[in-house]
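Trainee:
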Amino acid sequence: MSQSRLTELTWREVRRAGEQGIALLPIGSQEQHAGHLPMGTDTLLVEEVLDRALAVLDQEPSAPEVVRLPALPFGHSPHHLFAAAVSLSAATLGAVLDDVLDSLVTSGYRRVMVVNGHGGNDEIMRLAVKRFALRARVTVAACSYWTLTAGEDEAGRPDVTPGHAGWFETSLMLAARPELVRTPVPARTPVEPPPLFDHPPHPGLTVERHGEWERVDGSTDDASGADADRGGRLLDDRARGLARAIRAFDAASR
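Position 135 of the sequence shown, counting from 1, maps to 144 under the numbering used here, and the rest follow consecutively.
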């Protein structure tokens, strides 16, 4: 596979890569993740999944040509400002994505994939790629890494995935960056009633209520049982899923 990083290419190499290659843009956030995970958890995890996915593709013959952009480290996190976050407004994040995507097409790229690591970015990212395809002759894709599973591992807990600063993210961080996890991870005090953003009163509803994040102390579920081995398996499963998605996007957009 021809795999390169935009930061390390000359402008002529960027132009040549854009003729056939897929530009990959990871996006994350800087926000509170309870008391045991670092602010950059979402950015670190999306980069880890992308690292592993590209390593999977690198073992395959005739794998896609990709150019990896630096991760966008800031996202839409106003719901975490009660503790600490560096947050872009929805309008600003949308405008940043517009400008990055427009820059890529001006630089010669016709295929772009955005890989997201933060739930608060998801709707904004998807709207940005829809707008992009309306104004430019491109083929563009978007995904959040936790949704792309290979379906080959039973280590997960769908009831708390992806969550926030809970069992899922903490397990992944114990596998990817254990030195950044503050241990022992304390048990989370049960919260009743459960927050409506995570437990809507009827299927299909999106419900937000003021003050819910403060009430749950910044996490959605108990992370004290997080496990590095299961986290590594979950990372690999997401990486294989992402690798398959990149390969499928490549085949469909040639």
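A virtual CB, placed ideally from N, CA and C, is assigned to each residue, including glycine. No experiment lies behind these values; they were computed from the predicted model shown.
Are R249 and V65 close, meaning C-beta to C-beta below 7 Å?
Mentor: Contact flag set, yes.
Trainee: When you compare the CB positions of T229 and G172, do they come within less than 7 Å of one another, or not?
Mentor: Yes.
Trainee: Between R194 and T179, how many whole angstroms is the CB-CB distance? I'm expecting something under 8 Å.
Mentor: Per the sequence presented here, residue 194 reads as Val, with Arg not at that position. 6 Å between Cβ atoms; contact.
Trainee: With L157 and R247 assumed to form a contact (beta carbons below 8 Å), what rounded beta-carbon distance in angstroms separates them?
Mentor: Correct: roughly 6 Å between the Cβ atoms.
Trainee: Restricting to Cα atoms, I'd like to know which of V190, E221, A254, L53 is closest to P204.
Mentor: Nearest C-alpha to P204: E221.
Trainee: For E28 and P70, what's the separation of their Cα atoms in angstroms?
Mentor: Near 20 Å, if we compare the C-alpha coordinates of P70 and E28.
Trainee: For G213, is the classification buried or exposed, using 16 other Cβ atoms within 10 angstroms of its Cβ as the cut-off for buried?
Mentor: Label assigned to G213: exposed.
Trainee: So, A32 versus Y118, is the Cβ gap smaller than 7 Å?
Mentor: A contact, by the Cβ cut-off of 7 Å.
Trainee: Could you check the C-alpha separation between D207 and R253 for me, to the nearest Å?
Mentor: Whole-angstrom Cα-Cα distance: 29 Å.
Trainee: So for R14, helix, strand or coil by DSSP?
Mentor: The answer is strand: DSSP assigns R14 an E or B state.
Trainee: Quick check on the burial criterion: 16 or more other C-beta atoms within 10 angstroms. Buried or exposed for S11?
Mentor: Answer is exposed; the Cβ neighbour count stays below 16.
Trainee: Per DSSP, what kind of secondary structure is R120 in: helix, strand or coil?
Mentor: R120: strand per DSSP, three-state reduction.
Trainee: To the nearest angstrom, report how far apart A150 and M122 are at their CA atoms.
Mentor: Taking the straight line joining both Cα atoms gives about 5 Å.
Trainee: Just how far apart, CA to CA, sit E56 and A185?
Mentor: Cα to Cα, the separation comes out at about 10 Å.
Trainee: Mind checking which residues open and close the beta strand (DSSP E) that includes A150?
Mentor: It spans 148-153 - the beta strand (DSSP E) in which A150 sits, taken as one unbroken run.
Trainee: Indicate whether L183 and G227 have their beta-carbon atoms separated by less than 7 Å.
Mentor: No. Outside cutoff.
Trainee: I'd like to check one pair, T52 with A80: are the Cβ atoms closer than 7 Å?
Mentor: Yes, these two residues count as a Cβ contact at 7 Å.
Trainee: Going by DSSP, what residue range makes up the beta strand (DSSP E) through V6?
Mentor: In the structure as shown, the chain begins at 10 and stops at 263. Residue 6 is therefore absent and cannot be evaluated.
Trainee: Do the CB positions of N130 and I36 come within less than 7 Å of each other?
Mentor: Going by C-beta atoms, N130 is nearer than 7 Å to I36.
Trainee: Would you mind stating whether L243 and G165 have Cβ atoms separated by less than 7 Å?
Mentor: The answer is yes: Cβ separation under 7 Å.
Trainee: Considering only residues of the segment 150-231, which uninterrupted beta strand (DSSP E) runs meet the minimum length of 3 residues and lie entirely inside it, listed in chain order?
Mentor: Listed in chain order, nothing qualifies, since the segment 150-231 has no complete beta strand (DSSP E) run of 3 or more residues.
Trainee: Would you mind sorting D111 into buried or exposed? The rule is 16 or more other CB atoms within 10 Å of its CB.
Mentor: Its Cβ having fewer than 16 others within 10 Å, D111 is exposed.
Trainee: Going by DSSP, what residues sit across from H42 in a beta bridge?
Mentor: Beta-bridge pairing links H42 to G44, L46.
Trainee: On the premise that L143 lies in contact with G103, defined as a C-beta separation below 8 Å, what is that separation, rounded to the nearest angstrom?
Mentor: Going by Cβ atoms, the distance from G103 to L143 rounds to 14 Å, so no, they are not a contact pair.
Trainee: For T104, report the span of its alpha helix (DSSP H) as first-last.
Mentor: For clarity, residue 104 is Ala in the given sequence; the question names Thr instead. Where A104 is concerned, the enclosing alpha helix (DSSP H) stretches over 99-115.
Trainee: Tell me, which residues are paired with I31 by DSSP?
Mentor: Partner(s): V75.
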